[in-house]
Amino acid sequence: MKNLIAIVLAIACAAALMLTGCGNNNDPQPEPQPTELTGSISTDGSTSMQKVINTLGEAFMNENKGITFTYNPTGSGSGIKAVQEGRCDIGLSSRALKAVEKEAGLKETVLAYDGIAIIVNPENTVSDLTIKQIADVYTGKITNWKELGGEDAEIVLIGREAGSGTRDGFETITKTADTCKYRQELTSTGDVITTVAQNPDAIGYASLAAIKDTVKALSVGGVAPSEETVKDGTYAIQRPFVLVTVEGKALNECAQKFFEYITSSGAAELISAAGAVAAN
23 MKNLIAIVLA IACAAALMLT GCGNNNDPQP EPQPTELTGS ISTDGSTSMQ KVINTLGEAF
83 MNENKGITFT YNPTGSGSGI KAVQEGRCDI GLSSRALKAV EKEAGLKETV LAYDGIAIIV
143 NPENTVSDLT IKQIADVYTG KITNWKELGG EDAEIVLIGR EAGSGTRDGF ETITKTADTC
203 KYRQELTSTG DVITTVAQNP DAIGYASLAA IKDTVKALSV GGVAPSEETV KDGTYAIQRP
263 FVLVTVEGKA LNECAQKFFE YITSSGAAEL ISAAGAVAAN
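Numbering (the numbering used here), first residue to last: 23 to 302.
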């Protein structure tokens, strides 16, 4: 009889366990842990954007350990072509897209604004030029520093190669497109800065975000280039830093997360620290 009662109780207990989820229905269940996103992001283009994009990329990777960020400094024109041909996730351009590029299916998103500094060797006594004087220098109408209040020395004109966003911005603002008499056309912002730093008679232009104390940035029309004067629009020679993507084509998950990260208001401090003015 006792054995029968024990069997009946065991069966009843088993049934109760089945009905109540094995007796643990009220116990807290562990939440599934999110899987860390892994993958890579490739960017290509403007050498002027190097400091800004690398600052953002490093900060992003610190917060997303499974994602690798890469930047290929090829110049704005090459970066635009790279994203169009699918060789990178995001193109980088230090000029606005042209109508023909937008018509070809490309989309621009302004990341930041940057001043184009007019730079000379620190030994140069000239400290301020007007837009007209700069245009006259680069088109060969003014050829000697003494015409600008400096030493009696021939002005050596340094600029960027065709296709450079910095060159496009400079020539558009100074209205000197296709008329500049360059002594040297260099392929990166760093090369321009180095060349001007080594030649006391040289003049060049470079991204404000990339300027070092090896060169001197001139005021333009009495306004010194700075984050504040770029932001308030008083510094005349400035241009956008643009992210280039393909219209209607979704970015991969990693690239989309990076895109949202760098265009958020939270990235403004990082962009400012890199010497540019955040668009957001």
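Even glycine gets a Cβ: it sits at the ideal position worked out from N, Cα and C.
The Cβ neighbour count for G97, taken over all protein chains shown within 10 Å, is at least 16; the residue is labelled buried. DSSP, reduced to helix, strand and coil, places L128 within a strand of the structure shown. Only exposed fits S287, as fewer than 16 other CB atoms lie within 10 angstroms of its CB. Closest by C-alpha distance to G187, out of T196, L151, D136 and S115, is S115.
Beta-bridge annotation (DSSP): Y204 is not paired with any residue. Counting along the chain, R182 sits inside no alpha helix (DSSP H); it lies in the beta strand (DSSP E) bounded by residues V178 to R182. In this chain, the beta strand (DSSP E) harbouring T92 covers I89 to P95. Here the alpha carbon of V264 sits roughly 6 Å from the alpha carbon of T131. Taking the Cβ atoms as the reference, I89 lies roughly 13 Å from T65, outside the contact range of under 8 Å. For a cut-off of 8 Å, the C-beta gap from I141 to K203 is around 18 Å, too long to register as a contact. Within 10 angstroms of the beta-carbon of E269 lie fewer than 16 other beta-carbons, which makes it exposed.
By the neighbour-count criterion, in which a residue is buried when 16 or more other Cβ atoms sit within 10 angstroms of its Cβ, K103 is buried. I63 has F91 as its beta-bridge partners, per DSSP.
A contact between stretches requires three or more CB pairs, one per stretch, nearer than 8 Å, and the segment 230-246 meets this requirement with the segment 142-153. Straight-line measurement puts the Cα of A126 at about 33 Å from the Cα of A81.
If you ignore the 5 residues before and after T256, its C-beta comes within less than 8 Å of the C-beta of V245, all in its own chain and listed in chain order. Approximately 7 Å separates the beta-carbon atoms of G226 and G181; this is inside 8 Å, confirming the contact.
For A300 and I138, the gap between their C-alpha atoms comes out near 16 Å.
Put simply, of A157, I233, N94 and N76 the residue whose alpha carbon is nearest the alpha carbon of I215 is I233. Burial of N86 is indicated by the presence of at least 16 other C-beta atoms within 10 angstroms of its C-beta. Counting only residues of its own chain and dropping the five nearest sequence neighbours on each side, P222 has a CB closer than 6 Å to the CB of N143 and E145.
Taking C-beta separations shorter than 6 Å and ignoring five residues to either side along the sequence, the partners of T217 in its chain run I180, following chain order.
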